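All remarks here apply to the structure that follows.
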Amino acid sequence: MGACMALCSMASCASCLCGSAPCLLCGCCPSSKSSTITRLIYSFFLLLGTIVSVIMILPGMEDQLRKIPGFCVGGDSILGLDNLVDCDVILGYKSVYRMCFAMTCFFFFFSAIMIQVRSSKDCRAAVQNGFWFFKFLMLIGITVGAFFIPDGMFHTVWFYFGAVGSFIFIIIQLILLIDFAYSWNKVWVENAEDGENKGWFAGLLFFTVLHYALAFTALVLFYVYYTKPDDCTEHKVFISLNLIFCIIISVVSVLPKVQEAQPLSGLLQSSLISLYTMYVTWSAMTNNPNRNCNPSLLSLVSNVTSAQPVPGTNPETLQLWDAQSVVGLVIFLFCTLYASIRSSSNTQVNKLMQTEEGGGSGGEGVVGEDGLLRAVDNEEEAVSYSYSFFHFHLCLASLYIMMTLTNWYQPDTSVQKMSNSMPAVWVKIASSWLGLALYLWTLLAPLVFPDREFN
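At position 189 of the sequence shown (counting the first as 1) the number is 207 in this note's numbering, and the numbers step up by one without a gap.
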């Protein structure tokens, strides 16, 4: 669906850039819903900004641009031309901060103006689902303006905005992960029971064991590489507590009373949440400024220490591309795509995510006068998701991308560099604890409130 959206939107931009979302996909994805198409296009905007940020922070990009005569400030000039471009601003963490600042402002603006849109008959719905060319120009304009923001305290202040926003986004990620795990378990169990094919149960068992095996392996590696006998007390506490919490949620998920009140609960969900908790724990520990407790993954794999940088590369740039940043980007892409196409039957998750029940109104393409299928407008009676909340979600995603690409390093304006910080550690660990508590609540809520509906 994502690839289809990208290809067709480019092919039809000449005639539909000012039109609605269904117009962009009427040719190749005719049975799609307008609400899904719109979310995918906004997600594509976010992905495009992410790609630009990645390019600007790639190792070696700054050195390559400095080789262009007359391009960078402070570089060699050519033909007497003044150097007008500050490569320290357009590349590295400064560029990521400005690019993500622009995306955050863009999505926050739409989040504000889309409050209380009830159906596609609202005039604001036309703005939500169309005018893509002007939106693209708007995003470019905000981005260009962001690069004129003076350094000053901008990076320090925006770091804390990013930390808070990323904390909220990590919780949203976990909500989506919980919803995905429940939906996954439900579909496979139903397939096994309806088709009498026990292979579905074998698949559930395989992935459950795989998730627990990966989580246990990560746990062992944490104790080996991220703790010391006489140091790293915080890491020992973090790892041990999260191990205990993961055991608790696993045991609770299979208790008879919980199974009776919540039939969809099981070890598959607990195993996936446990694995995600191990990732967040690892991500937190990699931001500890104590290098004795935070060895570089590069040094663990290739025995290259910080005193032995790879020739031709910037050691500080390499640190920005640690493995946890790559994993974080992969999880971000999955959750963003899932949030764009999800149609869940989970009542409580739908309330949290401000979406309607799965299925919506209609869903099949409408045949036009020319005999071709057209994407269906499934929001004439009521919107299938909260426009405002969806943009707020992308706003938080922009902040999360900023923090992930810069590895949650805190700007140090006194020496103009990035460094690890304990606030980032505590933000991530706190989000892992809150996420575990949230999943535990999905297990216990039907017992605490037996008269409520918890589908």
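Note that beta-carbon positions come from the ideal geometry of N, C-alpha and C, so glycine has one too.
Note that the coordinates shown come from a computational prediction; the quantities given were computed from them, not determined experimentally.
Could you check what DSSP says for residue i in three-state terms: helix, strand or coil?
i      : result
LYS275 : helix
PRO429 : strand
GLY183 : helix
GLY78  : coil
GLY148 : strand
ASP197 : helix
ASP469 : coil
LYS204 : helix
ASP169 : coil
LYS216 : coil
TYR244 : coil
GLU375 : With a pLDDT of 46 at GLU375, under the threshold of 50, the modelled position of this residue cannot be trusted, and the question is left open.
TRP459 : helix
Rounded C-beta distance between residue i and residue j? I'm assuming under 8 Å.
i      : j      : result
LEU8   : MET303 : The displayed coordinates of the chain run from 19 to 473. Any statement about residue 8 would go beyond what the structure contains.
ALA415 : PHE187 : 6 Å
LEU293 : ILE75  : Wrong, their Cβ atoms sit about 28 Å apart, outside the cutoff.
ALA231 : ALA164 : Going by Cβ atoms, the distance from ALA231 to ALA164 rounds to 44 Å, so no, they are not a contact pair.
SER184 : MET421 : 5 Å
ASN209 : GLN287 : Not a contact, Cβ separation roughly 17 Å.
LEU285 : VAL272 : 6 Å
ALA442 : GLN428 : 7 Å
LEU452 : ILE189 : 6 Å
Report buried or exposed for residue i, applying the criterion of at least 16 other Cβ atoms within 10 angstroms of its Cβ.
i      : result
TYR60  : buried
CYS141 : exposed
ILE497 : Residue 497 falls outside the range modelled here, since the chain spans only 19 to 473, and no answer is possible.
PHE166 : exposed
MET171 : exposed
LEU64  : buried
TYR178 : exposed
VAL344 : exposed
LEU194 : buried
LEU102 : Low local confidence applies: a pLDDT of 49 at LEU102 is under 50, so the model's placement there is unreliable, with the coordinate-based value given in what follows. LEU102 should be labelled exposed.
VAL162 : exposed
LYS246 : exposed
VAL445 : buried
GLY78  : exposed
ARG57  : buried
VAL401 : buried
ALA143 : buried
ARG470 : exposed
Taking only the alpha-carbon atoms, compute the straight-line gap between residue i and residue j and give it to the nearest angstrom.
i      : j      : result
SER450 : LYS216 : 34 Å
LYS112 : GLY180 : 13 Å
PRO468 : LYS275 : 12 Å
CYS47  : ILE55  : Only weak support is given to the placement of CYS47: the predicted model assigns it a pLDDT of 48, under 50, and the value that follows is read from those uncertain coordinates. C-alpha separation (whole angstroms): 9 Å.
VAL205 : VAL70  : 37 Å
PHE126 : CYS311 : 38 Å
SER268 : SER129 : 37 Å
ASN425 : LEU347 : 11 Å
GLN280 : PRO307 : 43 Å
THR299 : VAL242 : 14 Å
PHE152 : GLY159 : 10 Å
LYS248 : ALA233 : Residue 248 is actually Asp in this sequence, not Lys. Spanning the two alpha carbons is a distance of roughly 25 Å.
PRO464 : ALA220 : 28 Å
CYS250 : TYR418 : 27 Å
LEU239 : PHE410 : 37 Å
CYS123 : MET117 : 10 Å
VAL72  : VAL114 : 8 Å
PHE224 : TRP218 : 10 Å
PHE350 : THR68  : 11 Å
HIS173 : GLY110 : 12 Å
ASN147 : SER52  : 8 Å
GLU211 : LEU355 : 29 Å
VAL227 : HIS253 : 26 Å
LEU461 : TRP176 : 37 Å
PHE352 : PHE62  : 13 Å
LEU157 : LEU192 : 29 Å
ILE266 : VAL182 : 28 Å
SER283 : VAL255 : 29 Å
TRP150 : ASP169 : 32 Å
Does the pairing of the stretch 191-209 with the stretch 252-269 give three or more beta-carbon distances under 8 Å?
no
Stretch pair the stretch 402-418 + the stretch 130-141: three plus CB contacts closer than 8 Å:
yes
Is the number of C-beta pairs between the stretch 451-460 and the stretch 280-294 that are closer than 8 Å three or more?
Contact annotation: the stretch 451-460 touches the stretch 280-294, with at least three C-beta pairs closer than 8 Å.
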